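Mapped onto the numbering used here, the consecutive letters of the sequence shown carry residue numbers 1085 to 1366.
Ideal Cβ placement from N, Cα and C applies to all residues, glycine included.
Remember, it's a predicted structure, so these values are computed and weren't measured experimentally.
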Amino acid sequence: MSFAQDESSIEKEILELHKPTKKIRDSIIGLQKGIFSKIEIEKDSVTKNQLILQLDDLENAKDQNDINELKLDFVFAKNHPNSLRSLSLIRIPVNRFIGMNFYDTFVEVFENFSSEIKNSEKGLEMAEKLRYFKQSKVGSKAPEFSLKDINNKTISLDEFKGKQYVLIDFWASWCGPCREELPYIKELYQKYHQQGFEIISIAKDDKTDLWKKAISKEKIEIWRHIFTSEDTKSVTTDYFVNGIPHKVLIDKNGIIIGKWKGSGETNKHDLQQQLKSIFDAE
């Protein structure tokens, strides 16, 4: 059986479908560029912070626009179940921030594809992505790991069970947004550690010396640190980490109760509120 749809006509339909969201995206990017250039020359720190917050709002608006586009793509892919191009429409955002809360929809749309599409190379790749997505989403049991930390002591997730809430922070010394968040994470640690809050930072670094230097410079030796080398990077696969910063909050029963991809004020606020509601209640 050959593919029923003509892929080039499908491409045209997709371009047409994306015109409104592309227009919004282009306009947001234009506004962001304007604010970036203002930030570069702004001397007043109060004004500068206001501009940074405006950037954050625009980033949230861009994310919302991308989510709206994804919803359109789900409908399109469902209506074109025998097209590789419509599979790629939903395959690309599956591991991005915008797809984070749509696991059930991804599965529903994927199951609707013809067996030829599902068993294609890209189809099998998508099925695997969905498997990792499922095991790392909010509500799932956190994937177990047992790895050596910076002091060569073994850390296993199991040791925190019944005792502590654990925030896993996937980061890297070279990642600007990751490092910008460290003072704020440090505050959360100092506030809640005595009440049963632990942090494990898992670095996607290339060089151990730069990683150790960053830990020392940021003064974050107070919590646990793991370096993921080639032979231990399965932890990032298990947690479906494709970009950093990426945070996962695990409760005392070992269940994932929060997940944040990327940086920004909204993510900070959400994590803060979740910890506040946990520890104020205890």
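query, result
"Would you report the Cα separation of G1348 and L1139, rounded to the nearest angstrom?", "10 Å"
"Just how far apart, CA to CA, sit K1107 and S1240?", "48 Å"
"Taking F1217 as the reference, which of E1228, F1190, D1233, K1202 has the closest Cα?", "F1190"
"Kindly examine the ligand MN and report whether one of its heavy atoms sits closer than 6 Å to the Cβ of D1289.", "The ligand MN is not part of this structure, which contains no ligands at all."
"Could you check whether K1331 and D1233 sit closer than 7 Å to each other, using their CB atoms as the reference points?", "no"
"Using the Cα positions of I1094 and I1176, report the straight-line distance between them to the nearest angstrom.", "17 Å"
"With a CB to CB cut of under 6 Å and the five nearest residues on each side skipped, what residues in its chain are close to G1346?", "F1181"
"If you measure between the beta carbons of D1415 and P1227, is that distance less than 7 Å?", "Because residue 1415 is not part of the residues shown, which for the chain are 1085 to 1366, the question remains open."
"Figure out for me which residue from K1202, T1131, L1101, D1110 has the closest Cα to the Cα of L1168.", "K1202"
"With distances taken from CA atoms, which of R1109, L1214, I1136 is nearest I1174?", "L1214"
"Can you give me the C-alpha to C-alpha distance between I1119 and G1280, rounded to a whole angstrom?", "41 Å"
"Name the DSSP beta bridge partners of S1285, please?", "D1253, H1309"
"Do the CB positions of V1250 and I1334 come within less than 7 Å of each other?", "yes"
"State the DSSP-derived secondary structure class of H1164, mapped to helix, strand or coil.", "coil"
"Let me know the secondary structure DSSP gives I1304 once reduced to three states.", "coil"
"For H1164, count neighbouring C-beta atoms within 10 Å of its own C-beta (all shown protein chains included) and say buried if the count is 16 or more, exposed if not.", "buried"
"Does DSSP put I1362 in a helix, a strand or coil?", "helix"
"Is G1041 helix, strand or coil by DSSP?", "What is shown of the chain runs 1085 to 1366, which leaves residue 1041 out entirely."
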